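Peer 1: First residue of the sequence shown? That's 29 in our numbering, and the numbers climb one at a time after it.
Have a look at this one.
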Amino acid sequence: MKHLLKMLDLSTDEIIDILNLADQLKYELKHGIPHPHLKGKTLGMIFQKASTRTRVSFETGMYQLGGYPLFLSSNDLQIGRGEPVQDTARVLSRYLSGIMIRTFEQKEVEDLAQYGSIPIINGLTDFCHPCQVLADLMTIREFKGSFDGLKMCFIGDGNNMANSLIVGCLKVGMSVSIACPNDYQPPKEILDFAAGYGDKFEMTDCPKQAAKDADVLITDVWASMGQEGEAEKRKKAFDGYQINDELMALAHSDAMVLHCLPAHREEEITEKVFEAHANEIFEEAENRLHAQKAVMVKLMA
Ligand code: CP
Ligand code: NVA
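Here you go:
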């Protein structure tokens with residue numbers, strides 16, 4: 029494993045290795061056992077979109093591993109004024125040990141990896157959010173003990189979160205059911221991948237059908253970063269695509285609920301369901317730290 033660009037690139041063994049190391053790093057942190065695996069290393073963190081969790085967890089994680097994180101806002105970088113990513117990659121490769129990037133196009137992340145010579149970590153694109161899904165898988169295994177026989181249900185936009193969840197959950201052996209409006213289905217590349225898993229994957233436009241007998245229910249905002257201009261149109265399209273009591277009643281009684289955050293209460297999830305599952309959702313947020321530290325150790329140590 030040279031980079032973390034998308035879940036599609038990882039084998040099941042690589043995913044499980046990352047989760048095992050993440051569990052170990054979490055244990056060590058909680059027990060005051062230092063783990064300076066990245067002493068003397070530097071991580072550049074390029075942000076072309078806003079972030080709370082990704083920025084703070086990568087920055088803190090790098091510090092805990094003995095390395096040095098640099099926050100690089102696209103407002104300040106020449107990349108924000110049109111310097112090609114090919115040149116940025118070749119320059120930054122001469123200063124840094126690794127780059128985390130949050131941006132719009134997946135191609136920009138793939139280009140950084142192609143033209144640079146250091147590990148690249150995708151901190152969210154319009155296509156996927158692999159760091160979030162590694163944390164989600166870590167949280168599911170922590171609460172459920174294993175992935176065996178579990179069904180993950182995703183309600184909402186067939187966008188970055190859905191794309192990575194479909195791939196990640198199928199790769200670790202879960203079955204996946206996704207409910208999204210017809211005009212907001214995941215891209216062909218993801219549906220083609222999922223088709224290879226036969227009846228372990230289901231897509232419907234009916235949230236109730238997807239939620240039936242689910243063990244984990246997950247949703248995401250109706251309008252992602254960069255789609256603010258479509259917010260009103262999306263509110264109409266996603267009306268009813270909400271995790272609420274009615275949907276929870278169809279899932280297994282011990283079903284968990286996850287949300288990558290930020291959440292829009294009473295849109296994709298009700299306040300009541302959100303608060304009833306806040307322990308899971310905030311453990312998920314914490315696990316971003318541990319999962320990403322594991323990724324950085326695998327790629328940069
Ligand atoms: N879930 C997530 O990536 O959060 P941020 O946008 O705050 O980084
Ligand atoms: N789909 C959301 C995820 C945020 C973490 C977005 O891209 O804004």
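The beta-carbon is built from N, C-alpha and C at its ideal position, and this holds for glycine as well.
For clarity, every value in this text was computed on a predicted model and none was experimentally measured.
1. In terms of residue numbering, what span does the alpha helix (DSSP H) encompassing E314 cover?
2. Output the distance between the C-alpha atoms of Y123 and P209, rounded to the nearest integer angstrom.
3. How about Q270 and E296: are their beta carbons less than 7 Å apart?
4. Would you please state the rounded distance, in angstroms, between the beta carbons of L193 and F182? I believe it to be under 8 Å.
5. Quick check on the DSSP output: what are the complete alpha helix (DSSP H) runs of length 4 or more inside the region 41-103, in order along the chain?
6. Would you grab the beta carbon distance between N315 and A163 for me? Rounded to a whole angstrom, and I think it's under 8 Å.
7. What does DSSP give as the partner residues of I246 in its beta bridges?
8. Within 8 Å, do at least three Cβ pairs link the region 285-302 to the region 127-143?
9. Which of the three DSSP states, helix, strand or coil, is assigned to L32?
10. Does the Cβ of D248 lie closer than 6 Å to at least one heavy atom of ligand 4?
11. Using 8 Å as the cut-off, can you tell me whether the region 90-102 makes contact with the region 64-81, which would need three or more C-beta pairs spanning the two stretches below that distance?
12. Classify K30: buried if its beta carbon has 16 or more other beta carbons within 10 angstroms, exposed otherwise.
13. Distance check for L105 and R118, CA to CA, integer angstroms please.
14. Beta carbon of P214, beta carbon of A242: below 7 Å?
15. Please report the straight-line C-alpha distance between K58 and A329, rounded to a whole angstrom.
16. As a quick exercise: from S121, D273 and E56, pick the residue whose alpha carbon is nearest that of L93.
17. Where do the ends of the alpha helix (DSSP H) carrying I194 lie?
18. Since E308 contacts M284 with CB under 8 Å, what's their CB separation in whole angstroms?
19. Just tell me which of E274, E230 and L289 has its CA closest to the CA of T80.
20. Taking I206 as part of the beta strand (DSSP E), name the residues at either end of that continuous run.
21. If we ignore side chains and look at the alpha-carbon of each, how far apart do S125 and I149 end up?
22. By the DSSP assignment, the beta strand (DSSP E) with M128 in it spans what residues?
23. Is L278 near ligand 1, judged by its Cβ being under 6 Å from some heavy atom?
24. Please name the residue, chosen from L219, G110 and P235, that lies closest to F229 on a Cα-to-Cα basis.
Peer 2: Walking through what the data contain:
1. A306 to M328
2. 45 Å
3. yes
4. 6 Å
5. 81-92
6. 4 Å
7. F182 and L286
8. no
9. strand
10. The model on display carries ligand 1 and ligand 2 but not ligand 4.
11. yes
12. exposed
13. 14 Å
14. no
15. 21 Å
16. E56
17. N188 to K199
18. 5 Å
19. L289
20. S203 to A207
21. 12 Å
22. G126 to R130
23. no
24. L219
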